[in-house]
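Visitor:
2 protein chains.
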Amino acid sequence: MNRFSFNQATAKHWPMPDLVAGCVAAGVRNVGLWREETAAHGLARTTDLVRGAGLTVTSLCRGGFFTTPDRYDDNRRAIDEAATLGAPVLVLVSGGLPDGSRDLAGARRQVGDAIGELVPHALAAGVRLAIEPLHPMFCSDRCVVSTLGQALDLAAPYPAAAVGVVVDTYHLWWDDQVWDQIDRAGRDDRLACFQVADWITPLPAGVLLGRGLPGAGCVDLRRFRSAVDAAGYTGPIEVEVFHEQLWTRPGRDILDAAIAGYRDHVADGSGP
Amino acid sequence: MNRFSFNQATAKHWPMPDLVAGCVAAGVRNVGLWREETAAHGLARTTDLVRGAGLTVTSLCRGGFFTTPDRYDDNRRAIDEAATLGAPVLVLVSGGLPDGSRDLAGARRQVGDAIGELVPHALAAGVRLAIEPLHPMFCSDRCVVSTLGQALDLAAPYPAAAVGVVVDTYHLWWDDQVWDQIDRAGRDDRLACFQVADWITPLPAGVLLGRGLPGAGCVDLRRFRSAVDAAGYTGPIEVEVFHEQLWTRPGRDILDAAIAGYRDHVADGSGP
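From first to last, the protein sequence lines stand for chains A and B. Per full-length UniProt numbering, the very first residue in the first sequence carries number 1; after that it's consecutive. Per full-length UniProt numbering, the very first residue in the second sequence carries number 1; after that it's consecutive.
Here it is in structure tokens:
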């Protein structure tokens with residue numbers, strides 16, 4: 001279980017202390033945290049809790065949303081929070097089209113410019129910004145970065161130590177170019193974060209909370225795992241699933257199901 | 001209004017005779033028809049009705065669904081129906097992943113093979129098969145062909161007279177490679193059908209019936225229109241919008257709204 005990381009959004013309603021205790025009890029060493037939940041429990045308290053339990057924070061979700069007025073201040077705060085938590089990566093969900101705009105290419109350029117503004121702060125804090133391409137169904141309202149190729153293009157002008165990319169199977173599984181782009185990400189040392197969730201249908205209204213646990217859907221998760229490994233990625237593998245029904249289950253049940261899905265559908269043959 | 005075509009799915013509940021009379025009254029010369037509606041009214045009756053009114057059928061929706069057991073017989077029937085109606089194009093929605101499969105690349109190859117089986121019948125009937133890439137959110141359950149580039153790759157082995165592609169703004173607007181692929185489609189003489197709908201959010205459950213009338217959303221429709229024109233396309237431009245609320249309006253209202261959206265957001269400056 002060295003590489004397995006439990007992203008807390010998978011058990012959204014699990015209180016932070018129970019999440020930490022549950023992970024320790026299950027032999028899980030890594031967690032991915034979210035800003036809202038961290039703030040609700042208190043940043044310093046969360047840091048102490050997680051460190052005291054011997055857990056590593058593999059990523060903080062999320063910065064980005066570069067169309068909001070306070071985007072620079074808020075993202076600098078997010079970088080600082082990641083640094084405090086010891087999270088090496090801040091996941092960026094870049095935001096959709098500005099209100100009333102139809103200029104998608106322009107919106108994508110603006111994301112790149114905004115990331116550039118944050119690079120000095122990220123380098124100083126020792127936190128890597130990880131551009132996450134989201135599924136094209138989120139293009140207008142959540143994230144204009146829709147493919148791994150676009151994320152890598154946006155990252156390219158900046159040092160790899162400051163800007164990487166996220167490979168999330170849920171968002172990228174449909175893309176026949178993703179394998180070449182994973183290779184490219186490895187060559188360019190941009191692989192900052194690897195998240196797994198499965199694709200299931202029908203999608204719910206709003207399409208945000210319709211992900212499946214590993215193995216529940218149609219994504220060839222092991223092909224992704226092999227591809228990022230072959231590209232030189234040796235970092236954590238986060239299970240991150242949002243689903244309203246899953247969230248109604250007890251946190252420990254969700255964690256156990258995430259571990260089982262990871263073992264059966266993500267981990268390599270030589271053990272997880 | 002020479003190029004405007006009203007796809008009947010935009011006013012799904014408008015009875016065929018009313019649709020035809022409404023189009024004539026509005027000065028519309030072209031319609032896109034669906035197999036189910038055509039069968040319900042009767043193929044011969046529909047053919048007579050449409051011809052008698054002086055309307056042109058610009059496309060028939062739809063063939064495809066190549067994972068079904070009777071795919072060859074059913075698609076040959078669809079080709080024959082298109083020929084009877086005088087529709088030059090049969091739109092193909094290729095189908096999702098086979099049940100239980102995670103082999104997306106294999107599913108895409110099978111679509112290409114299935115289309116090849118239909119080519120002789122299509123050529124003999126004088127009906128062009130038009131591969132429609134659907135938005136990646138439909139990849140698992142409706143259509144494994146997700147980009148215009150993939151559609152063109154699948155069409156490439158076959159004569160352009162037999163196999164073309166559909167450019168539908170709703171499905172392709174997020175793709176930064178679509179402009180190059182439209183150019184390629186023009187060079188290869190593959191542009192068989194051009195359909196417009198706008199992207200609006202939030203998406204409804206199931207995501208099928210959430211399209212917007214031209215101008216209601218964030219797609220740069222005129223850029224698409226200019227791109228297909230620049231690629232040499234001179235054919236009809238179908239407005240095809242599926243939306244449950246839109247369908248509750250009287251057919252003539254929907255047609256008028258489609259015409260207005262087309263004039264304001266699709267037609268070129270020199271008149272529609």
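Positions of the beta carbon are idealized from the N, C-alpha and C atoms, including for glycine.
So with Cβ pairs under 8 Å, would you call A/LEU246 a contact of chain B?
Guide: Within the first sequence, residue 246 of chain A is the residue found at index 246, counting from 1. Answer no: the Cβ-Cβ gap between A/LEU246 and chain B never drops below 8 Å.
Visitor: Which of the three DSSP states is assigned to B/GLY210 in this structure?
Guide: Walking along the second sequence from the start, residue 210 of chain B turns up at place 210. The answer is strand: DSSP assigns B/GLY210 an E or B state.
Visitor: Just the chain A side, please: which residues come within less than 8 Å of B/ALA205 by C-beta, in chain order?
Guide: To locate residue 205 of chain B, count along the second sequence from 1; it is residue 205. Under the 8 Å cutoff, chain A gives PRO202, LEU203, PRO204, ALA205.
Visitor: Identify every residue that forms a DSSP beta bridge with A/TRP199.
Guide: As a working note, residue 199 of chain A is residue 199 in the first sequence. The partner list for A/TRP199 (beta bridge, DSSP) reads A/ARG211.
Visitor: Give me the chain A residues within the contact set of B/ASP220, using Cβ-Cβ distance strictly less than 8 Å, ordered along the chain.
Guide: In the second sequence, the residue the question calls residue 220 of chain B occupies position 220. Using a Cβ-Cβ cut-off of 8 Å, B/ASP220 is close to ARG102, ASP103, LEU104 of chain A, given in chain order.
Visitor: So, helix, strand or coil for A/ASN75, using DSSP?
Guide: Counting from one through the first sequence, the residue named residue 75 of chain A turns up at place 75. The answer is helix: DSSP assigns A/ASN75 an H, G or I state.
Visitor: May I ask you to report which of helix, strand or coil DSSP gives A/GLY261?
Guide: Taking the first sequence and counting its residues from 1, one reaches residue 261 of chain A at position 261. A/GLY261: helix per DSSP, three-state reduction.
Visitor: Establish whether the CB of B/ASP141 and some CB of chain A are separated by less than 8 Å.
Guide: In the second sequence, the residue the question calls residue 141 of chain B occupies position 141. Yes, B/ASP141 lies at the interface with chain A (some Cβ there is under 8 Å from its Cβ).
Visitor: Would the stretch 166-173 of chain A and the stretch 135-152 of chain A be scored as touching if the rule is three or more Cβ pairs under 8 Å?
Guide: yes
Visitor: Under 8 Å, Cβ to Cβ, is there at least one residue of chain A near B/TRP34?
Guide: What you label residue 34 of chain B is simply residue 34 of the second sequence in a count that begins at 1. Not an interface residue.
Visitor: Which term fits A/GLN181, buried or exposed, when burial requires 16 or more other beta carbons within 10 angstroms of its beta carbon?
Guide: The count along the first sequence starts at 1 and reaches residue 181 of chain A at position 181. Answer is buried; the Cβ neighbour count reaches 16.
Visitor: Going along the chain, which unbroken runs of the alpha helix (DSSP H) with 4 or more residues stay wholly within the stretch 138-209 of chain B?
Guide: 148-155, 169-172, 178-187
Visitor: Rounded C-beta distance between B/ALA129 and B/LEU154? I'm assuming under 8 Å.
Guide: Taking the first residue of the second sequence as 1, we reach residue 129 of chain B at position 129. Taking the first residue of the second sequence as 1, we reach residue 154 of chain B at position 154. First, the amino acid is wrong: residue 129 of chain B is Leu here, not Ala. Contact flag wrong, Cβ pair sits at about 10 Å.
Visitor: Decide if B/HIS13 is buried, meaning its Cβ has at least 16 other Cβ atoms within 10 Å, or exposed.
Guide: As a first step, residue 13 of chain B must be located in the second sequence, where it is residue number 13. So B/HIS13 ends up on the exposed side.
Visitor: Check whether the Cβ atoms of B/ASN2 and B/GLN195 sit closer than 8 Å, and answer yes or no.
Guide: Position 2 of the second sequence holds residue 2 of chain B. Position 195 of the second sequence holds residue 195 of chain B. Not in contact: B/ASN2 and B/GLN195 (Cβ atoms no closer than 8 Å).
Visitor: Following a CB-centred definition, is A/GLN110 positioned closer than 7 Å to any heavy atom of the ligand SAM?
Guide: No copy of the ligand SAM occurs in the structure displayed, which carries no ligand at all.
Visitor: State yes or no: is the beta carbon of B/GLY271 nearer than 8 Å to at least one beta carbon in chain A?
Guide: For the purposes of this step, residue 271 of chain B is identified with residue 271 of the second sequence, where counting begins at 1. For B/GLY271, the pLDDT reaches just 45, beneath the cut-off of 50, and the residue's location in the model is therefore unreliable, leaving the point undetermined.
Visitor: Taking 8 Å as the CB-CB limit, is A/PRO214 close to chain B?
Guide: Within the first sequence, residue 214 of chain A is the residue found at index 214, counting from 1. So, not an interface residue.
Visitor: Can you tell me which of the three DSSP states A/GLY235 falls into?
Guide: For the purposes of this step, residue 235 of chain A is taken as residue 235 along the first sequence, with counting starting at 1. It is coil, neither helix nor strand.
Visitor: Any idea if B/GLU238 is buried or exposed, counting beta-carbon neighbours within 10 angstroms, 16 or more meaning buried?
Guide: Residue 238 of chain B sits at position 238 when you count from the first residue of the second sequence. Looking at its Cβ environment, which holds 16 or more other Cβ atoms inside 10 Å, B/GLU238 is buried.
Visitor: So for residue 273 of chain B, helix, strand or coil by DSSP?
Guide: Not covered by the structure: residue 273 of chain B. The range shown for chain B is 1 to 272.
Visitor: If we count the other Cβ atoms within 10 Å of its Cβ and call it buried at 16 or more, is B/GLN150 buried or exposed?
Guide: Stepping through the second sequence from its first residue, residue 150 of chain B is reached at position 150. Answer is buried; the Cβ neighbour count reaches 16.
Visitor: Within the continuous alpha helix (DSSP H) that includes A/THR58, where are the two ends?
Guide: Here residue 58 of chain A is taken as the residue at index 58 of the first sequence, counted from 1. A/THR58 -> not in any alpha helix (DSSP H); beta strand (DSSP E) instead, spanning 56-64.
Visitor: Span of the beta strand (DSSP E) holding B/PHE4?
Guide: Locating residue 4 of chain B in the second sequence gives position 4, where the first residue counts as 1. Run containing B/PHE4: 4-7, per the beta strand (DSSP E) assignment.
Visitor: Could you spell out the range, first to last residue, of the alpha helix (DSSP H) harbouring A/ALA124?
Guide: As a first step, residue 124 of chain A is located in the first sequence; it is residue number 124 there, counting from the start. Run containing A/ALA124: 104-125, per the alpha helix (DSSP H) assignment.
Visitor: At a Cβ cut of 7 Å, what residues of the stretch 136-163 of chain A count as close to chain B, listed as they run along the chain?
Guide: PRO136, MET137, CYS139, SER140, ASP141, SER146, GLN150
Visitor: Quick one: complete alpha helix (DSSP H) runs, 4+ long, within the stretch 6-36 of chain B?
Guide: 16-26
Visitor: Taking the alpha-carbon positions, what's the A/ARG35 to B/ALA260 distance?
Guide: On the first sequence, residue 35 of chain A is found 35 positions in, with the first residue counted as 1. On the second sequence, residue 260 of chain B is found 260 positions in, with the first residue counted as 1. Whole-angstrom Cα-Cα distance: 45 Å.
Visitor: For B/VAL241, which beta-bridge partners are listed by DSSP?
Guide: Position 241 of the second sequence, counted from the first residue, corresponds to residue 241 of chain B. Paired residues: none, contrary to the question.
Visitor: The stretch 175-189 of chain A: which residues have C-beta closer than 7 Å to a C-beta of chain B, in chain order?
Guide: ASP176
Visitor: I need the boundaries of the alpha helix (DSSP H) containing A/VAL228, first residue and last residue.
Guide: The count along the first sequence starts at 1 and reaches residue 228 of chain A at position 228. Unbroken alpha helix (DSSP H) run through A/VAL228: 221-230.
Visitor: Take B/ALA26 and list the residues in its own chain whose beta-carbon comes closer than 8 Å to its own, dropping the five residues that flank it on each side.
Guide: On the second sequence, position 26 is the one that residue 26 of chain B refers to. Counting only Cβ-Cβ distances below 8 Å, and skipping sequence neighbours, we find ARG252, LEU255, ASP256, ILE259.
Visitor: Taking CB distances under 8 Å as the criterion, tell me whether B/LEU97 reaches chain D.
Guide: No chain D appears in the structure shown, which is made up of the protein chains A and B.
Visitor: At a Cβ threshold of 8 Å, is B/TRP14 touching chain A?
Guide: Working through the second sequence from its first residue, we reach residue 14 of chain B at position 14. No, its Cβ sits nowhere closer than 8 Å to a Cβ of chain A.
Visitor: Can you give me the start and stop residues for the alpha helix (DSSP H) that B/LEU49 sits inside?
Guide: In the second sequence, residue 49 of chain B corresponds to position 49, counting from 1. Its alpha helix (DSSP H) spans residues 43-52.
Visitor: Buried or exposed: B/ASP141, going by 16 or more other Cβ atoms within 10 Å of its Cβ?
Guide: Residue numbering aside, residue 141 of chain B sits at position 141 when the second sequence is read from its first letter. Looking at its Cβ environment, which holds 16 or more other Cβ atoms inside 10 Å, B/ASP141 is buried.
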